[in-house]
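Inspection log for the structure reproduced underneath, given as structure tokens.
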Amino acid sequence: MKQGFLFLIVGALSYISVSAQTKWSADPMHTDAAFSVKHLGLSFVDGDFTKASGTMESKSATDFNDAKIDYIIETASIDTRVEARNNHLKTDDFFNVAKYPEMKLVSVSFKKIKGNTYKMVANLTIRDITKPVVFTVTQNGGPITDPWGKTRIGFTATTTIDRHQFGMKYNDKLPSGVEAVASMVSIVVNTELVKD
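Going letter by letter, the sequence shown gives residues -20 to -1, 1 to 176 in mature numbering (1 follows the signal peptide of the UniProt record, and there is no 0).
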């Protein structure tokens, strides 16, 4: 009887050990989502979303293979340094921030390619349209212990999306047929995560 009881305890402890995850929270002061899009076929307009929050669960503080990632970006925080352009981007031509206040990113898989580079497949939701998107993710360094005793890690994730696939309807063109605002948008997400 005692042996059976001990077996159950050891089994439970083993399960807890195997299933334990390291939890991280994005530092909002050091996390943002930037974008760049071609304008009139001539130059690039860039900007970012200054309010983003997120979490990550990893196997340990040093093993990020198969990590689970969940981020929310506030669309009204868009900033291109030009107020009139910001206001246009907030309308139904683009993000319709009144109706769709958040973009969401939830990982489906997170696999190390080599060294400090990972491939992340994530469900990206913009304007309530969800599509799988592939990101290249670079671990920038860490984990480190910051001056306040917290454990931190940093990543940069990059991808390119077709904005029309996410319901952004603005489609003005020059007489030559060149898009006033290009369909393809480059995205860069920079984040520092703090171990909970």
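Just so you know, even glycine gets a beta-carbon here, dropped at the ideal spot from N, CA and C.
This structure is a prediction, so every number in the text was calculated from the model and none was measured.
Supposed close pair Ala6, Ser33 - CB separation, criterion 8 angstroms: Going by Cβ atoms, the distance from Ala6 to Ser33 rounds to 6 angstroms, so yes, they are a contact pair.
Residue of Thr42, Leu173, Lys130, Arg143 minimising C-alpha distance to Thr136: Among Thr42, Leu173, Lys130, Arg143, the Cα nearest to that of Thr136 is on Leu173.
Residue burial classification, residue 256 (beta-carbon count within 10 angstroms, cutoff 16): Any answer about residue 256 is impossible in this case: the structure gives the chain only from -20 up to 176.
Environment of Ser40 [buried if 16+ CB atoms lie within 10 Å]: Flag for Ser40 reads exposed.
Arg61, buried or exposed, once every other Cβ within 10 Å from all chains shown has been counted against 16: Looking at its Cβ environment, which holds fewer than 16 other Cβ atoms inside 10 Å, Arg61 is exposed.
Cβ-based neighbour list, Asn96, same chain, cut-off 7 angstroms, excluding 5 preceding and 5 following: Result list for Asn96: Thr118, Gln119, in chain order.
N- and C-terminal bounds of the alpha helix (DSSP H) containing Arg65: Counting along the chain, the alpha helix (DSSP H) containing Arg65 begins and ends at 63 to 69.
Met9 to Ser156 span [Cα, whole Å]: Spanning the two alpha carbons is a distance of roughly 43 angstroms.
For Asp46, the nearest candidate out of Thr139, Val86, Gly122, Ile124 (CA to CA): Per the Cα distances, Val86.
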